[in-house]
Amino acid sequence: MTSPFTHDLTGKVAVVTGAGGVLCSFFAKELARAGAKVALLDLNVEAAQKYADEIVAAGGEAKGYKANVLELESLQEAHDAVVADFGVADILVNGAGGNSPKASTENEFHEIEGMEGVKSFFELDKSGIEFVFNLNYLGTLLPTQVFAKDMLGKEGANIINVSSMNAYTPLTKIPAYSGAKAAISNFTEWLAVYFSHVGIRVNAIAPGFLVSKQNQALLFNEDGTPTARTHKILSSTPMNRFGEPEELIGGLLFLADEKASSFVNGVVLPIDGGFHAYSGV
Ligand code: NAD
Numbered sequence: 217m218t219s220p221f222t223h224d225l226t227g228k229v230a231v232v233t234g235a236g237g238v239l240c241s242f243f244a245k246e247l248a249r250a251g252a253k254v255a256l257l258d259l260n261v262e263a264a265q266k267y268a269d270e271i272v273a274a275g276g277e278a279k280g281y282k283a284n285v286l287e288l289e290s291l292q293e294a295h296d297a298v299v300a301d302f303g304v305a306d307i308l309v310n311g312a313g314g315n316s317p318k319a320s321t322e323n324e325f326h327e328i329e330g331m332e333g334v335k336s337f338f339e340l341d342k343s344g345i346e347f348v349f350n351l352n353y354l355g356t357l358l359p360t361q362v363f364a365k366d367m368l369g370k371e372g373a374n375i376i377n378v379s380s381m382n383a384y385t386p387l388t389k390i391p392a393y394s395g396a397k398a399a400i401s402n403f404t405e406w407l408a409v410y411f412s413h414v415g416i417r418v419n420a421i422a423p424g425f426l427v428s429k430q431n432q433a434l435l436f437n438e439d440g441t442p443t444a445r446t447h448k449i450l451s452s453t454p455m456n457r458f459g460e461p462e463e464l465i466g467g468l469l470f471l472a473d474e475k476a477s478s479f480v481n482g483v484v485l486p487i488d489g490g491f492h493a494y495s496g497v
């Protein structure tokens with residue numbers, strides 16, 4: 217995957233959390249292609265290092281670091297290693313996030329009858345809900361505490377959080393993930409205001425529905441025909457198609473590049489084919 221956009225991030229240091237994952241490894245590669253030195257942070261350091269190696273093989277500068285976005289000590293260790301290797305961060309992408317089946321219902325609507333054997337709202341697991349809120353919300357806030365401290369006053373410094381379509385209007389079945397992403401959008405605005413006197417812009421992207429290896433089976437049957445869920449998604453997306461991960465990159469690099477977005481602050485940018493704007497009528 218490559219994108220056609222050209223932004224010059226030469227000399228910048230970009231830190232990407234969750235960079236061992238599907239989207240954030242791609243973000244890391246594109247930041248590196250734009251010239252940034254990229255620190256790929258992940259709980260799964262082998263995955264982060266594998267993508268860092270691919271960046272280096274393609275001529276970029278990158279390294280994988282083990283970091284748990286929920287533990288300050290682990291983040292501080294990663295921070296110190298990144299500063300020693302590349303210098304102080306200019307760009308922080310808070311990408312680590314996700315959902316848990318323990319925090320999801322099996323049904324879209326509760327009914328008076330016929331609920332036997334269905335995992336409903338009443339069976340949601342407290343630990344699963346805590347896991348999802350912590351991973352997404354605290355997992356954005358804590359890396360910001362650790363990495364933003366020495367970004368204060370640095371020209372062009374900025375933070376990009378990863379929200380989601382479900383932050384605007386919750387998707388069915390995933391109340392914790394929807395609530396946690398809504399909290400990320402809210403935090404993005406709060407932090408943009410808070411850091412507005414110290415030169416750090418704070419924005420977010422809110423990806424819509426993408427096809428990835430992870431959700432391929434949910435969206436398409438084995439014979440390639442769309443599933444019922446796909447029909448539902450596409451009928452709610454005015455552009456009537458899924459997005460591609462490549463289509464997130466223009467927004468990401470635009471927000472990361474001070475020359476392109478120096479007055480853009482506190483924005484949560486939907487990249488969704490119009491899903492958010494469409495009432496369905
Ligand atoms: P992914 O599951 O492929 O990657 C997530 C990465 O985060 C993994 O490498 C995992 O090891 C890492 N991680 C998990 N817990 C961690 C922790 N405590 N500390 C450090 N790293 C940890 O996810 P993805 O699909 O690439 O999604 C990336 C981001 O984009 C997430 O915030 C997700 O919520 C958001 N998002 C994804 C989509 C989509 O369609 N994939 C849509 C909207 C938003």
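In the working numbering, the protein residues as written are 217 to 497.
Every residue, glycine too, gets a C-beta built ideally from N, C-alpha and C.
Since we're looking at a predicted model, the values are computed, not measured.
Under the rule that a run must span 4 or more residues, the alpha helix (DSSP H) segments found entirely inside the stretch 362-437 read 391-410 and 432-435. The nearest non-hydrogen atom of ligand 1 is 6 Å or more from the C-beta of residue 336. A buried status is given to residue 237, since no fewer than 16 other beta-carbon atoms sit within 10 Å of its beta-carbon. Excluding its 5 nearest sequence neighbours in each direction, residue 308 has C-beta neighbours in its own chain below 6 Å: 231, 363 and 375, listed in chain order. Under the 8 Å Cβ criterion, the stretch 474-491 counts as touching the stretch 449-463, having at least three qualifying pairs. Counting along the chain, the unbroken alpha helix (DSSP H) around residue 263 starts and ends at 261-273. Around the beta-carbon of residue 328, fewer than 16 other beta-carbon atoms lie within 10 Å, marking it exposed. Per DSSP, the continuous beta strand (DSSP E) segment holding residue 282 begins and ends at 277-282. Taking the Cα positions, residue 399 is about 7 Å away from residue 353. Relative to the non-hydrogen atoms of ligand 1, the Cβ of residue 380 comes within a distance shorter than 6 Å of at least one. In this structure, residue 236 has its CB closer than 6 Å to one or more heavy atoms of ligand 1. Under DSSP, no beta-bridge partner is assigned to residue 328. Residue 307 is bridged by DSSP to 230 and 374. Leaving aside the five residues that flank residue 260 on each side, the residues in its chain whose CB is nearer than 7 Å to its CB run, in chain order, 236. With the rule of 3 Cβ pairs closer than 8 Å, the stretch 438-447 does not count as touching the stretch 368-387.
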